[in-house]
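Below is one structure, written out as structure tokens, with a few remarks after it.
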Amino acid sequence: MNRSRILRADLMLLALAILWGYGFIAQKWAMLNIGPLTFVTIRLLLGTLVLLPFLYLGKRAAPRVKTSSRALIPMLIGVVIAVFLGTWLQQVGLMTTEVGTASFITGLYVIFTPLLGLFVGYYIRSLTWIAILVAVVGLFLLSVAGRPVLNIGDLLVLVCAIAWGAQLLFVGWLAPRMDMIQLAVIQLAGAAIISLILTPIFEPVSFSAILAAKWELLYSGILASGVAFILQAWAQQDAPPAHAAILISLESVFGLAFGWWILDEELTNIQLIGCGLMLAAIIVAQIKPPRQAFFQEDDSNASLPRHEDDQRSHEPA
Numbered sequence: 005m006n007r008s009r010i011l012r013a014d015l016m017l018l019a020l021a022i023l024w025g026y027g028f029i030a031q032k033w034a035m036l037n038i039g040p041l042t043f044v045t046i047r048l049l050l051g052t053l054v055l056l057p058f059l060y061l062g063k064r065a066a067p068r069v070k071t072s073s074r075a076l077i078p079m080l081i082g083v084v085i086a087v088f089l090g091t092w093l094q095q096v097g098l099m100t101t102e103v104g105t106a107s108f109i110t111g112l113y114v115i116f117t118p119l120l121g122l123f124v125g126y127y128i129r130s131l132t133w134i135a136i137l138v139a140v141v142g143l144f145l146l147s148v149a150g151r152p153v154l155n156i157g158d159l160l161v162l163v164c165a166i167a168w169g170a171q172l173l174f175v176g177w178l179a180p181r182m183d184m185i186q187l188a189v190i191q192l193a194g195a196a197i198i199s200l201i202l203t204p205i206f207e208p209v210s211f212s213a214i215l216a217a218k219w220e221l222l223y224s225g226i227l228a229s230g231v232a233f234i235l236q237a238w239a240q241q242d243a244p245p246a247h248a249a250i251l252i253s254l255e256s257v258f259g260l261a262f263g264w265w266i267l268d269e270e271l272t273n274i275q276l277i278g279c280g281l282m283l284a285a286i287i288v289a290q291i292k293p294p295r296q297a298f299f300q301e302d303d304s305n306a307s308l309p310r311h312e313d314d315q316r317s318h319e320p321a
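The numbering of the sequence shown is the working numbering, which starts it at 5 and goes up by one.
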């Protein structure tokens, strides 16, 4: 492959990691003015608007696997719910935990993907089991050993990581059956609709408060959601998997760095060791997808099949 194309792809992925890393700052600041559901609704709607023009630009990729609507619809509902839960729980968790901590815990979605895959017949390599063990130790050092009490925000972000892990499983099944831009729009728009319905029920909505958080919302919706997805989609066409795994994982490092630099967040030495262990586990878990038990091309039922596809298209920040 052309080395200049690889370099360009790597630079896109680095920019992606920076966008997502700083996105935690924007999310934290936005909570000073608006509630998490309001933030999630506007962020996802803005991300959808950024992606909509790309539905009409260029040729749409034909599905590699033909699928009935009966099988497709439940998977789309599942991925939309996973995106909503992942985005909302992360936002709620950030109200009571640090940006750096949240960025590393969110990155554990790559650990939860193979673990959740066990329920649908995936095999996990021994190296991935080691990565899972290292991640658990790192999480303990970051969230438990580094604090006198367990932070509820950490637990919420951990559940958020589980939701993003489930989202990757759904995307892995849907990717060969749909155009990726269409799939992205459905995910963002569907999750936005759920949030839009819930927002007036659970939160007071103030136009002046939304205006006060306008820059954080614009950054999170346009750059950290819409533009970030486009960068990832373009970059992963040329970036070697190992490059993509390492560069995307830097989201956690940038989140920690921005939290320290901008918000004056500090971690103890034990917590920093925990971050290092978690980063190592995240990279190892991404370099090669887990080997799967068997392949299923028959879509007569709507269960998650064990189809070997790239499952790295995601938007965890």
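The C-beta atom is built at its ideal place from N, Cα and C for all residues, glycine as well.
Cα-Cα separation between residue i and residue j, rounded to whole angstroms
i                 : j              : result
aspartate 302     : lysine 70      : Note that aspartate 302 scores a pLDDT of 43, beneath 50, so its modelled location is shaky; the value from the coordinates is reported in the next line. Each residue's alpha carbon lies about 9 Å from the other.
glycine 157       : arginine 12    : 37 Å
proline 67        : leucine 55     : 19 Å
arginine 181      : proline 78     : 13 Å
leucine 48        : isoleucine 185 : 15 Å
phenylalanine 123 : arginine 129   : 15 Å
threonine 110     : valine 84      : 18 Å
arginine 9        : glutamine 241  : 10 Å
leucine 159       : arginine 7     : 42 Å
isoleucine 115    : glycine 90     : 15 Å
isoleucine 205    : tryptophan 219 : 25 Å
glutamine 300     : alanine 196    : Unreliable positioning characterises glutamine 300 in this predicted model, as indicated by a pLDDT of 40, which lies under 50. The coordinate reading is nonetheless provided below. Their backbone Cα atoms lie some 32 Å apart in a straight line.
valine 141        : isoleucine 22  : 26 Å
Same chain, Cβ closer than 8 Å to residue i, neighbours up to 5 away in sequence not counted
i           : result
leucine 50  : Leu221, Leu222, Ser224, Gly225, Ile226, Ser229, Gly230
alanine 217 : Trp33, Ala34, Leu36, Asn37, Ile38, Phe43
valine 161  : Leu93, Gln94, Gly97, Leu98, Thr101, Thr105, Ala106, Ile109, Thr110
serine 307  : Note on serine 307: pLDDT 44, under 50, position unreliable in the model; no value is reported.
Identity of the residues DSSP links to residue i by a beta bridge
i           : result
tyrosine 60 : Looking at the DSSP assignment, tyrosine 60 forms no beta bridge with any residue, so it has no partner.
Spatially closest choice to residue i from the options, by CA coordinates
i                 : options                        : result
leucine 20        : Gln275, Ile286, Ile252         : Ile252
phenylalanine 233 : Glu270, Gln191, Pro204, Leu267 : Gln191
alanine 188       : Leu172, Ser199, Leu202, Ser256 : Leu172
leucine 112       : Val96, Leu137, Phe88, Val175   : Leu137
cysteine 164      : Gln95, Glu255, Phe144, Ala284  : Gln95
alanine 193       : Leu15, Arg74, Trp24, Leu53     : Leu53
proline 3         : Val288, Leu215, Leu276         : The shown model of the chain, from 5 to 321, leaves out residue 3, and the question about it has no answer.
leucine 2         : Ser72, Leu143, Ile205          : The structure shown does not extend to residue 2, since the chain spans only 5 to 321, so no value can be given for it.
glutamine 290     : Asp183, Ala139, Ser212, Phe211 : Ala139
Under 7 Å between C-beta atoms of residue i and residue j
i              : j                : result
threonine 117  : glycine 169      : yes
glycine 259    : serine 107       : yes
alanine 2      : alanine 167      : Summary: the structure shown does not reach residue 2, with the chain confined to residues 5 through 321, and so no result is reported for it.
alanine 285    : alanine 135      : yes
isoleucine 198 : phenylalanine 88 : yes
threonine 45   : leucine 215      : no
Neighbourhood of residue i by C-beta, 6 Å cutoff - its chain only, sequence neighbours within 5 removed
i                : result
glycine 39       : Glu207
leucine 178      : Met79, Leu187
glycine 82       : Phe174
phenylalanine 25 : The sequence given here has glycine at residue 25, not phenylalanine. If we look at glycine 25 and ignore the five residues flanking it on each side, its Cβ neighbours are Glu255, Phe258, Gly259, Phe262.
leucine 18       : Leu251
isoleucine 277   : Leu145
serine 147       : Asp158
Residues near residue i by beta carbon distance below 7 Å, same chain, minus five either side
i              : result
valine 209     : Thr42, Thr203
valine 103     : Phe28, Ile29, Lys32, Gly259, Phe262, Gly263, Leu267, Glu269
methionine 16  : Leu235, Trp238, Ala239
leucine 59     : Ile185, Gln186, Val189
asparagine 155 : Thr100, Thr101, Ser147
leucine 76     : Arg181
Residue i Cβ short of 6 Å to the ligand MN heavy atom set
i              : result
isoleucine 205 : Absence of the ligand MN from the depicted structure is noted, as is the absence of any ligand whatsoever, leaving it without description.
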